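Here's the structure, in structure tokens; my notes come after.
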Amino acid sequence: MSTVETVDQRRPERIADEVLYVPRALAEADWRTGTLTAIVPAYNEADHIADTVRSLQEQTRPPDSIIVVDDFSDDGTGEIAAALGATVLRPPANTGSKAGAQNFAIEQVWTAFVMILDADTTLAADAIEKILPAFEDPAAAAACGFVIPRHVHSLWERGRYVEYLFYFSFHKQVQDFYGRPLISSGCFSVYRCGPLRQAGGWGQRTMAEDMDLTWTLFELGYRVRFIPEAVSYPVEPHDLDFMRKQLTRWSHAFIQNVRVHWRGIVRMPYLFSAVAVALSDAVLASLVFLMALPLLAVVVSPVFLVGYVVDAPVIAVPVLIAAQRRGELVKALASLPAFFVLRLVNSYLLFKALALELVLHRPLTTYEKGH
Amino acid sequence: MGAGIPGTGMATLFYILSVFVMPLSESVRTVRGQSSWARWFLVVRHLAIAITMTAAVYGTFKYLPGALLPPDATLGGVSALAVTALLFIAYLVVVNLLASLVRGQLELPQPKAFPDRRRVTRSEDPAPFFHPARQAS
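So the protein sequences, as listed, match chains A and B. Residue numbering for the first sequence follows my numbering, beginning at 580 and increasing consecutively. Residue numbering for the second sequence follows my numbering, beginning at 27 and increasing consecutively.
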């Protein structure tokens with residue numbers, strides 16, 4: 580039966596000082612028998628929410644309950660989800676961020692596992708069935724899956740498609756081998772409820788609640804797994820304006836999380852090295868792509884412009900291998916040039932974020948939806 | 027480079043080096059009885075990818091931008107590619123040494139930031155549902 584609930588007595592900020600208990604059953608749950616709740620935070624997602632809810636209902640191992648948090652939408656998102664049979668929770672006011680919406684829902688959840696799925700993301704039919712065995716390891720607190728853009732048409736979607744193929748088929752699998760995936764992606768992740776509550780839910784002190792939670796779980800001594808066979812399909816930003824909003828948030832969030840967690844991650848050698856290299860490389864990329872290469876091209880020789888694409892053969896190797904396995908070789912080849920455009924824009928936005936966060940001390944504090 | 031984080035290739039070099047250490051790491055796990063065929067399959071597959079990527083780097087340095095990297099771009103007779111890799115490894119060593127120092131500094135003056143969370147929380151063992159410190163001020 581579909582329900583729409585307005586829970587006006589339990590505002591997230593009111594429960595900040597409460598102490599709740601994690602029952603033994605939640606902390607020690609077995610993935611084969613443990614129950615699973617899917618939480619879908621949604622704000623004005625009327626165009627996508629029906630696909631997302633249906634994708635959950637059609638899983639080979641469907642979740643035991645589906646909760647859509649209608650975060651004060653004004654486009655009928657909640658009504659659409661309710662008509663499809665999902666339980667819809669509606670906070671009394673917009674929570675201001677995805678983390679806020681998820682925290683609002685988690686207090687209603689008492690299943691052993693909880694899954695977060697973005698309102699514009701669908702899953703491969705066997706995604707949940709594939710991801711749950713990650714919890715065979717009793718220390719595993721979270722697991723995330725492979726991400727592929729659902730639509731690959733515009734320049735920005737193509738750039739993101741190549742970026743994801745590269746990152747999820749190479750970097751992230753190596754991180755998982757060493758037990759330190761850099762992030763359990765917020766668009767599709769499953770958590771053991773006990774550790775999630777122990778970590779305090781999703782933090783709102785940075786603009787990327789998923790990275791914050793992942794590093795907090797590591798600091799608490801838990802493991803996080805990446806399961807490449809569990810595939811999700813989010814709708815990615817299709818134009819520069821949306822892409823700019825999303826990348827601005829991600830860039831600021833990365834710096835904010837490094838500032839918040841550096842004392843914790845310095846104790847984890849592999850994670851520390853990966854973060855140090857990622858941060859150094861990001862700074863270097865901004866300097867090289869925005870200053871060094873244009874300057875050298877003007878002052879010395881235009882041949883330095885080759886520097887923008889000089890790593891194309893290296894990028895192409897894992898991308899084309901992953902694309903070939905998916906039967907998308909032509910699509911990947913056609914999309915490859917877009918990756919370099921996206922990287923240039925990303926370099927600019929990261930440089931700006933570095934300046935604002937570290938030099939001008941003007942951190943990003945407003946969660947602006949990227950797509 | 028990560029998803030949404032730009033890069034010049036330094037991060038990719040880090041992961042290629044990580045892949046080359048995988049067989050050693052997995053051998054240790056095998057001796058301890060913690061390995062599996064699936065993990066070895068992953069190691070071999072990533073080794074193949076990393077070797078192909080290294081060949082792509084070599085090919086790029088050797089054949090493509092001759093004007094950017096002239097044949098005399100060497101240091102003491104060592105190729106520019108090898109120098110780049112050595113510099114990067116040196117960078118990793120220095121950063122990690124610094125981290126070790128910081129780690130030592132951090133562990134001396136303050137107790138553990140969190141209680142031992144590896145222990146499974148019992149129902150009689152209250153766990154904070156929301157850490158006030160984790161919420162935006």
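Here a beta-carbon is modelled for each residue, glycine too, at the ideal position from N, C-alpha and C. It should be emphasised that the depicted structure is a prediction, and the values quoted were computed from it without experimental measurement.
Please state the DSSP three-state secondary structure of residue i.
{"i": "B/S51", "result": "helix"}
{"i": "B/Q136", "result": "The predicted position of B/Q136 is uncertain, since its pLDDT is 43 and thus under 50; a value taken from the coordinates is nonetheless stated next. In this structure, B/Q136 counts as coil in the three-state DSSP scheme."}
{"i": "A/C766", "result": "coil"}
{"i": "B/S61", "result": "coil"}
{"i": "B/P141", "result": "Note that B/P141 has pLDDT 40, beneath the 50 cutoff, so the model's placement of it is unreliable and no number is given."}
{"i": "A/R669", "result": "strand"}
{"i": "A/A721", "result": "strand"}
{"i": "A/S811", "result": "strand"}
{"i": "A/A704", "result": "coil"}
{"i": "A/M694", "result": "strand"}
{"i": "A/T616", "result": "strand"}
{"i": "A/A832", "result": "helix"}
{"i": "A/D926", "result": "The question names Asp, yet the displayed sequence has Ser at residue 926 of chain A. If DSSP states are grouped into helix, strand and coil, A/S926 belongs with the helices."}
{"i": "A/I727", "result": "coil"}
{"i": "A/A917", "result": "helix"}
{"i": "A/S880", "result": "coil"}
{"i": "B/A29", "result": "coil"}
{"i": "A/A608", "result": "coil"}
{"i": "A/A625", "result": "coil"}
{"i": "A/V867", "result": "helix"}
{"i": "A/K709", "result": "helix"}
{"i": "A/D653", "result": "coil"}
{"i": "A/V539", "result": "Any property of residue 539 of chain A remains undetermined from this structure, which presents chain A solely from 580 to 950."}
{"i": "A/T945", "result": "coil"}
{"i": "B/L39", "result": "helix"}
How big is the Cα-Cα spacing for residue i and residue j?
{"i": "A/A703", "j": "A/V810", "result": "6 Å"}
{"i": "A/V952", "j": "A/D890", "result": "Here chain A comprises residues numbered 580 to 950, so residue 952 of chain A is not present and cannot be evaluated."}
{"i": "A/K908", "j": "A/D699", "result": "One detail in the question is off: residue 908 of chain A reads as Leu in this sequence, not Lys. In a straight line, the C-alpha of A/L908 is about 25 Å away from that of A/D699."}
{"i": "A/V862", "j": "A/F692", "result": "38 Å"}
{"i": "A/C772", "j": "A/I900", "result": "36 Å"}
{"i": "B/F46", "j": "A/G779", "result": "38 Å"}
{"i": "A/L939", "j": "A/S652", "result": "34 Å"}
{"i": "B/T34", "j": "A/A661", "result": "47 Å"}
{"i": "A/I695", "j": "A/L796", "result": "16 Å"}
{"i": "A/Q777", "j": "A/S733", "result": "41 Å"}
{"i": "A/H831", "j": "B/V57", "result": "43 Å"}
{"i": "A/L819", "j": "B/G30", "result": "14 Å"}
{"i": "B/M48", "j": "B/A82", "result": "20 Å"}
{"i": "A/P728", "j": "A/E815", "result": "6 Å"}
{"i": "A/T793", "j": "A/H840", "result": "11 Å"}
{"i": "B/T78", "j": "B/Y89", "result": "16 Å"}
{"i": "A/D654", "j": "A/L928", "result": "31 Å"}
{"i": "A/T631", "j": "A/V726", "result": "15 Å"}
{"i": "A/L874", "j": "A/A864", "result": "14 Å"}
{"i": "B/T110", "j": "A/A625", "result": "51 Å"}
{"i": "B/A37", "j": "B/S51", "result": "20 Å"}
{"i": "A/R905", "j": "A/V893", "result": "19 Å"}
{"i": "A/T674", "j": "A/L935", "result": "25 Å"}
{"i": "A/L933", "j": "A/V867", "result": "15 Å"}
{"i": "A/D705", "j": "A/P642", "result": "12 Å"}
{"i": "A/R823", "j": "A/W735", "result": "10 Å"}
{"i": "B/P137", "j": "A/L799", "result": "Summary for B/P137: the model assigns pLDDT 39, below 50, so the residue's position carries little reliability; its value from the coordinates is reported in the next sentence. Those two C-alpha atoms are separated by around 14 Å."}
Just confirm the distance between the C-beta atoms of residue i and residue j, as a whole number of angstroms; I'd bet it's less than 8 Å.
{"i": "A/V769", "j": "A/I685", "result": "Their Cβ separation, rounded to whole angstroms, is 13 Å, which puts A/V769 and A/I685 out of contact at 8 Å."}
{"i": "A/L869", "j": "A/F930", "result": "6 Å"}
{"i": "A/D697", "j": "A/P813", "result": "6 Å"}
{"i": "A/R828", "j": "A/M790", "result": "Rounded, the Cβ-Cβ distance is 11 Å, inconsistent with contact."}
{"i": "A/A853", "j": "B/F67", "result": "So it is not a contact: roughly 23 Å between Cβ atoms."}
{"i": "A/D650", "j": "A/P670", "result": "6 Å"}
{"i": "A/V845", "j": "B/A125", "result": "5 Å"}
{"i": "A/L635", "j": "A/A617", "result": "5 Å"}
{"i": "A/V647", "j": "A/I628", "result": "7 Å"}
{"i": "A/T690", "j": "A/L615", "result": "6 Å"}
{"i": "A/L668", "j": "A/Q681", "result": "Actually they do not touch by this definition, with Cβ atoms about 11 Å apart."}
{"i": "A/Q825", "j": "A/P942", "result": "At roughly 17 Å, the Cβ-Cβ gap does not stay under 8 Å, so A/Q825 and A/P942 are not in contact."}
{"i": "A/Y801", "j": "A/P760", "result": "At roughly 12 Å, the Cβ-Cβ gap does not stay under 8 Å, so A/Y801 and A/P760 are not in contact."}
Problem set entry | Three CB pairs or more closer than 8 Å across the stretch 908-918 of chain A and the stretch 731-750 of chain A | They touch, by the three-pair rule.
Exercise. Counting pairs of beta carbons, one from the stretch 719-738 of chain A and one from the stretch 790-806 of chain A, are three or more of them closer than 8 Å?
Worked result: They touch, by the three-pair rule.
Exercise. Are the stretch 877-887 of chain A and the stretch 780-792 of chain A touching by the rule of at least three beta carbon pairs closer than 8 Å?
Worked result: Because the criterion of three Cβ pairs below 8 Å is not met, the stretch 877-887 of chain A and the stretch 780-792 of chain A do not touch.
Problem set entry | Touching by the beta-carbon criterion (3+ pairs, under 8 Å), the stretch 923-942 of chain A and the stretch 755-768 of chain A | no
For this session: Starting from the N-terminal side, write out each stretch of the alpha helix (DSSP H) that is 4 residues or longer and does not extend beyond the stretch 747-804 of chain A.
Result: Runs of alpha helix (DSSP H) with 4 or more residues, each lying fully within the stretch 747-804 of chain A, are found at 751-756, 772-777, 788-798, listed in chain order.
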